[in-house]
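These notes are about the structure you will find just below.
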Amino acid sequence: MVFDNPFEAPGEWLKGNLHTHTTLSDGRQSPQERVAAYQARGYDFLALTDHDRLADPSALTPSRLLVLRGIEVVCANPTGGPWYHLVGLGLPAGFALPASKQIQTTVDAINEARGLAIIAHPYWTGQNIKDLEIVQEFAAVEVFNTTCEVTIGKGTSSVHWDDLLSQGRRVFGLAVDDAHSATHDVFQGWVMAKCAKRSAEAVMQALASGRFYATCGPTIESLTLDAGRLAVRTSPVACIRFICNGAQGRLVRSDDGSPVAAGDFAPRGNEVYVRVECTDAQGRSAWTNPVFLR
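Each residue of the sequence shown is one higher than the one before, starting from 17 at the first, in the working numbering.
Dropping the structure here:
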């Protein structure tokens, strides 16, 4: 099994949004206003990811919210296909974008700066698996993006994620807001990261290792693999899915429509990976990161 299990790791759960815009680019709130709004909603960390522009967290009034320096870049597709939107997280103050803004060059620059490169909203952008498989060494894809969902209904990119996982690509899944306004596209997608301590460095370490899960509301309470059986406990939901490559996996739901809060799955041995996705009665989902079985 290849999985850094956050549910068995020491530390505390911290809640955060990893894609946010401010008045530094096309957002409706200033960096200070954005930080205050997420802090008021009980978030522990926030990434400011304006287009082609790095925010300066040190210029903000100190608060309990941990602020990550980030950026969003529109990058060229070498095949002539749809352009990518790429988010960089945890970047140093002196980070400079490469002049060409080619996708691989930009991913490499983010990695060289010891940040994390994230493929943003591939369903909304129009990418397919051929566009994604040619890009190497990115850390995650946005499996859910609030802005893409509330504007044109293309917020969920789980098929893109599964296509990558089926190829054996170790890629994590994020739920984010991509907030631009102060009302309809905020507080609807986030990650819960298991952090060794309350610091920006610990958040980045948790994200880099996959010690987190993504959610739009449901809570994932535990995930264990014992004697070849994967078991999960969640808040009450309508169904729990064990998603694998191909026509494999399991769907758990009650016969009478009552909520379920636990499920298990015994892999047969030919699965590449399994991830858990649960959905509540309001249609809100949560996603574990993949467990690679071979």
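Ideal placement from N, C-alpha and C gives every residue a C-beta, glycine not left out.
| Is Arg249 helix, strand or coil by DSSP? | strand
| Pro78 versus Phe308: straight-line alpha-carbon distance, rounded | 40 Å
| task | Give the range of the alpha helix (DSSP H) segment to which Ala222 is assigned. | result | 216-225
| message | Do Val288 and Ser182 have their beta-carbon atoms positioned less than 8 Å apart in this structure? | response | In this structure, Val288 lies closer than 8 Å to Ser182 by Cβ.
| request: Using a threshold of 8 Å, state whether the C-beta atoms of Trp206 and Asn33 are closer than that. | output: yes
| query | Are Thr231 and Met208 closer than 8 Å when you measure CB to CB? | reply | In this structure, Met208 lies closer than 8 Å to Thr231 by Cβ.
| Do Thr36 and Ser46 come within 8 Å of each other at the CB atom, strictly closer than that value? | no
| message | Going by beta-carbon coordinates alone, are Gly142 and Gly104 separated by less than 8 Å? | response | no
| message | Check for me: the alpha helix (DSSP H) holding Tyr28 runs from which residue to which? | response | With the sequence shown as reference, residue 28 is identified as Glu, and Tyr is not the correct amino acid for it. Here Glu28 belongs to no alpha helix (DSSP H); instead the beta strand (DSSP E) covers 28-33.
| task | With a 10 Å radius around its C-beta and 16 neighbouring C-beta atoms as the bar for buried, classify Pro108 as buried or exposed. | result | A residue is called buried when at least 16 other Cβ atoms come within 10 angstroms of its Cβ; Pro108 does not meet this threshold and is exposed.
| task | Would you mind working out which of Met220, Gly97, Pro252 sits nearest Arg300, comparing C-alpha positions? | result | Pro252
| task | Have a look at the DSSP bridge pairing and note the partners of Asp280. | result | Ala247
| message | Suppose only complete runs of 4+ residues qualify. What are the alpha helix (DSSP H) ranges in the stretch 94-136, listed by chain order? | response | 119-128
| said: Tell me which residues share the same chain as Ser41 and place their Cβ nearer than 6 Å to its Cβ, disregarding the 5 neighbours each side in the sequence. | reply: Residues Asp66, His67, Arg69 of the same chain have their beta carbon placed closer than 6 Å to that of Ser41, with the five preceding and five following residues left out of the count.
| Can you tell me the Cα-Cα spacing of Lys31 and Asp60, whole angstroms? | 5 Å
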